[in-house]
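Visitor:
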Amino acid sequence: MKILLAGGAGFIGSHTAVELLEAGHDVVVVDNYCNSSPRSLERVREITGKDMAVYEADVRDKEAVKNIFDREAVDCVIHFAGLKAVGESVEKPVEYYRNNIDTTLTLLECMKEAGVKRIVFSSSATVYGEENESPYVETMPRGSCSNPYGWTKAMMEQILTDTAHADPDMSVILLRYFNPIGAHESGKIGEDPQGIPNNLMPFVSQTAVGRRDKLTIFGGDYDTPDGTCLRDYIHVMDLANGHLKAVEYAADHKGVEIFNLGTGKPYSVLDIVNTFEKANGVPVPYVIGARRAGDLPSVYADASKAERILGWKTKRDLRDMCVDSWNWQKNNPNGFRDQDQS
Ligand code: NAD
Ligand code: UDP
22 MKILLAGGAG
32 FIGSHTAVEL
42 LEAGHDVVVV
52 DNYCNSSPRS
62 LERVREITGK
72 DMAVYEADVR
82 DKEAVKNIFD
92 REAVDCVIHF
102 AGLKAVGESV
112 EKPVEYYRNN
122 IDTTLTLLEC
132 MKEAGVKRIV
142 FSSSATVYGE
152 ENESPYVETM
162 PRGSCSNPYG
172 WTKAMMEQIL
182 TDTAHADPDM
192 SVILLRYFNP
202 IGAHESGKIG
212 EDPQGIPNNL
222 MPFVSQTAVG
232 RRDKLTIFGG
242 DYDTPDGTCL
252 RDYIHVMDLA
262 NGHLKAVEYA
272 ADHKGVEIFN
282 LGTGKPYSVL
292 DIVNTFEKAN
302 GVPVPYVIGA
312 RRAGDLPSVY
322 ADASKAERIL
332 GWKTKRDLRD
342 MCVDSWNWQK
352 NNPNGFRDQD
362 QS
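Following the numbering used here, the numbering of the sequence shown begins with 22 at its first residue and continues without gaps.
(1) In chain order, what residues of the same chain have a beta carbon less than 6 Å from the beta carbon of leucine 331, not counting five sequence neighbours either side?
(2) Which same chain residues, not among the five before or five after glycine 19, have their C-beta less than 7 Å away from its C-beta?
(3) Can you tell me where the alpha helix (DSSP H) with asparagine 88 in it begins and where it stops?
(4) If you draw a straight line from the alpha carbon of leucine 236 to that of phenylalanine 224, how long is it in whole angstroms?
(5) Give me the residue from Ala94, Arg81 and Ile99 with the minimum Cα distance to isoleucine 122.
(6) Over what stretch of residues does the alpha helix (DSSP H) that includes valine 260 continue unbroken?
(7) How about threonine 124 and alanine 27: are their beta carbons less than 8 Å apart?
(8) Would you mind sorting alanine 38 into buried or exposed? The rule is 16 or more other CB atoms within 10 Å of its CB.
(9) How should aspartate 253 be labelled, buried or exposed, when 16 other C-beta atoms within 10 angstroms of its C-beta is the threshold for buried?
(10) Should the segment 196 to 215 be regarded as contacting the segment 271 to 290, the criterion being three or more beta carbon pairs within less than 8 Å?
(11) Do isoleucine 24 and aspartate 72 have their beta-carbon atoms positioned less than 8 Å apart in this structure?
(12) Suppose contacts are defined by Cβ-Cβ distances below 8 Å. Is valine 344 in contact with asparagine 301 by that definition?
(13) Do valine 48 and alanine 30 count as a contact pair if the criterion is CB distance below 8 Å?
(14) Based on DSSP bridge pairs, tell me the residues matched to isoleucine 309.
(15) Can you find a heavy atom of the ligand NAD that lies under 7 Å from the Cβ of aspartate 81?
(16) Using the beta-carbon count (16 or more within 10 Å), is alanine 311 buried or exposed?
(17) Please say whether aspartate 259 and threonine 147 have beta carbons closer to each other than 8 Å?
(18) For phenylalanine 224, verify whether its CB is less than 7 Å away from any heavy atom of the ligand UDP.
(19) Within a Cβ cutoff of 8 Å, which residues of the same chain sit near threonine 127, ignoring the five residues on either side of it in sequence?
(20) When DSSP labels each residue in this structure, what does lysine 133 get in the three-state scheme?
(21) Identify whether aspartate 361 lies in helix, strand or coil by the three-state DSSP scheme.
(22) Using 8 Å as the threshold, is the segment 311 to 320 in touch with the segment 217 to 232, meaning 3 or more CB pairs across them?
(23) For glutamate 212, does the three-state DSSP call read helix, strand or coil?
(24) Once DSSP output is grouped into helix, strand and coil, what is the label at cysteine 166?
(25) Run the proximity test for arginine 313: is its beta-carbon closer than 7 Å to any non-hydrogen atom belonging to the ligand UDP?
(26) Using 8 Å as the threshold, is the C-beta distance between leucine 251 and proline 287 below it?
(27) Ignore the nearest five residues each way along the sequence and tell me which others in glutamate 278's own chain have a CB closer than 6 Å to its CB.
(28) Could you give the distance in angstroms between the alpha-carbon of asparagine 355 and the alpha-carbon of cysteine 55?
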C-alpha cells in the first residue's frame, strides 16, 4: 500500500514511517517542519535502508496537497499534522484551531477529489475529558476538554465521523493515543521538542543529560498511591505498530472505528523517575512542586478493543521506554539540531 503521512517528520510520524517501510509499504511524507526537522527522515532512511517520497508543504495549502495526490497513488492517509502543546493552545487558541482543523479539512477535500477513502487520525485520550473515569473505554461519550488543543481533537473526530457518515465507502480510524514515550531502539530518531519541554519524559531525559537543572513534579498530593499523577505510558514503537495494524484493518473496513492505543497499565510520575534512574544508572534531580492546572489524577486505557479487533498488543515495558528514551537523548543531546548546525 502507499500511505501518505501528513506530519510524518514528527515524533510519532517518523517512528511510524519506520514501521510501515519495514512492513513493505510505500511511504509519502508531507510536512512543513514547523515542529520537526527533515533530519528525522534521513535517519528513517538510515534505519530502514529504504526510501520514501518527501514533500515540504503546509497541509493547509490545498494546491500543494492536491499536487501530491495527483502525483502519488495514495491508498490511505495517516493524519499526524497538528500543533500539540497544551499550554500554548490556551495562549494561542486561534492558531491551534486554524492549523489543526484546516489541515483536516484540506486533507478530506483532497482525498475526496482523488478518490482516497481511508484515513487514520491521531486523536488523544484527552477527548474523554474529566467526566469519564479511567480506565477509558471507546464506548464512553467524549467529555469536555480543559484546553483548546483537546477541543481541536474532539472537533476533528466529529468532522471525520460526519464525513464517513456521508460516504459509505469511507473508512475512518480514530486512534486515541495515551502517553507516547521512548524512541526507536537504534537511538537515531526520538522526541525532539523545541524549547523547554512540556511533556514529562523529554524533561526527565534532558535533566539527566544536564540540559535542565531539575525536574519539577507537578503535585505530590493527589489521591494516588504515591501522591503523583498516574498515566498510561506507551512505547512509541508499539504505538507505531498500532498504526500499521490500523492501516491494514482500514483496507477491509468501512465506517468509523475508534481505538485506544495504550498499555492499560498506569504508572506514576515517581515510577517514571525511579525506573529511569535505575534502568540507566543516571540521577534525575527533582522537586515536588504545585499541581499543574488541568491535570487529571489518573488517565489510563482499557486497551482490549485494539487487541480484540486489530490483534495489536504492546510488547515493550516501562524499563524499555526509559532505556530507549535515554539512548536517544544521550546520543543526540541537542536532538536533531547538532546536525542542522554543522
Ligand atoms: P510532532 O509535533 O512531533 O509532529 C507533528 C508534525 O506535524 C510535525 O512534524 C509538524 O512539523 C507537522 N505539522 C504541524 N502542522 C503542520 C502543517 N500545517 N502542515 C504540515 N505539517 C505540519 O507531534 P507528535 O508527538 O508526533 O504528534 C503527532 C500527532 O499525534 C499530533 O496530531 C498530536 O496532536 C497527536 N498526539 C500526540 C501525543 C503525544 O503525546 N505526542 C498524544 C496524543 C496525540
Ligand atoms: N509532569 C511533571 N513535570 C513535568 C511534566 C509533566 O510532573 O515537567 C507530569 C504531569 O503533571 C502529568 C505527567 O507528568 O501527571 C505526564 O504529563 P505530560 O505533559 O507528559 O502528559 P499529559 O498526560 O499531561 O498529556
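Here a beta-carbon is modelled for each residue, glycine too, at the ideal position from N, C-alpha and C. From a predicted model like this one, the values you see are computed outputs, not experimental measurements.
Guide: Once the coordinates are examined:
(1) As a first step, residue 331 is located in the sequence shown; it is residue number 310 there, counting from the start. Cβ within range, chain order: Lys266 and Tyr270.
(2) Look at the range of the chain in this structure, 22 to 363, and you will see that residue 19 is not part of it.
(3) Translated into the one-based positions of the sequence shown, residue 88 becomes position 67. It spans 83 to 92 - the alpha helix (DSSP H) in which asparagine 88 sits, taken as one unbroken run.
(4) Counting from one through the sequence shown, the residue named residue 236 turns up at place 215. Counting from one through the sequence shown, the residue named residue 224 turns up at place 203. Taking the straight line joining both Cα atoms gives about 7 Å.
(5) The residue you call residue 122 lines up with position 101 of the sequence shown. Cα-wise, what sits closest to isoleucine 122 is Arg81.
(6) Counting from one through the sequence shown, the residue named residue 260 turns up at place 239. This sequence places leucine at residue 260; valine is not what is there. Element bounds for leucine 260: 257 to 271.
(7) Here the question's residue 124 lines up with position 103 in the sequence shown. Here the question's residue 27 lines up with position 6 in the sequence shown. Cβ distance < 8 Å, so threonine 124 and alanine 27 count as in contact.
(8) Residue numbering aside, residue 38 sits at position 17 when the sequence shown is read from its first letter. So alanine 38 counts as buried.
(9) Reading the sequence shown from its first residue, position 232 is the one you call residue 253. Per the 10 Å Cβ criterion, buried.
(10) yes
(11) Numbered from 1 along the sequence shown, position 51 holds the residue referred to as residue 72. Numbered from 1 along the sequence shown, position 3 holds the residue referred to as residue 24. Their beta carbons are not under 8 Å apart, which means aspartate 72 does not touch isoleucine 24 by this criterion.
(12) In the sequence shown, residue 344 corresponds to position 323, counting from 1. In the sequence shown, residue 301 corresponds to position 280, counting from 1. Yes, the Cβ-Cβ distance between valine 344 and asparagine 301 is below 8 Å.
(13) Working through the sequence shown from its first residue, we reach residue 30 at position 9. Working through the sequence shown from its first residue, we reach residue 48 at position 27. Contact flag unset, no.
(14) Sequence index remark: in the sequence shown, residue 309 carries index 288 (1-based). Isoleucine 309 pairs with Ile238.
(15) On the sequence shown, position 60 is the one that residue 81 refers to. Checking the sequence, you will find arginine at residue 81 rather than aspartate. Yes, the ligand NAD has a heavy atom inside 7 Å of this Cβ.
(16) Indexing the sequence shown from 1 puts residue 311 at position 290. So alanine 311 ends up on the exposed side.
(17) Sequence index remark: in the sequence shown, residue 147 carries index 126 (1-based). Sequence index remark: in the sequence shown, residue 259 carries index 238 (1-based). Not closer than 8 Å, so no.
(18) Along the sequence shown, one-based indexing puts residue 224 at 203. Yes - the ligand UDP has a heavy atom lying nearer than 7 Å to the Cβ of phenylalanine 224.
(19) The residue given as residue 127 occupies position 106 in the sequence shown. Taken in chain order, the residues that qualify are Val80, Arg81, Asp82, Lys83 and Val86.
(20) Residue numbering aside, residue 133 sits at position 112 when the sequence shown is read from its first letter. Three-state DSSP puts lysine 133 in a helix.
(21) Here residue 361 corresponds to residue number 340 of the sequence shown, with the count starting at 1. The predicted position of aspartate 361 is uncertain, since its pLDDT is 46 and thus under 50; a value taken from the coordinates is nonetheless stated next. Reduced to three states, the DSSP call for aspartate 361 is helix.
(22) no
(23) On the sequence shown, residue 212 is found 191 positions in, with the first residue counted as 1. Glutamate 212: coil per DSSP, three-state reduction.
(24) Within the sequence shown, the letter at position 145 stands for residue 166. Residue state, collapsed to three classes: coil.
(25) If you number the sequence shown from 1, residue 313 lands on position 292. Yes; taking the cut-off as 7 Å, the Cβ of arginine 313 has a heavy atom of the ligand UDP nearer than that.
(26) Here residue 251 refers to the residue found at position 230 of the sequence shown. Here residue 287 refers to the residue found at position 266 of the sequence shown. Result yes, Cβ atoms of leucine 251 and proline 287 sit closer than 8 Å.
(27) Residue mapping note: residue 278 aligns to position 257 of the sequence shown, counting from 1. The answer, listed in chain order, is Ile194.
(28) Counting from 1 along the sequence shown, the entry for residue 355 is found at position 334. Counting from 1 along the sequence shown, the entry for residue 55 is found at position 34. So the two alpha carbons sit approximately 17 Å from each other.
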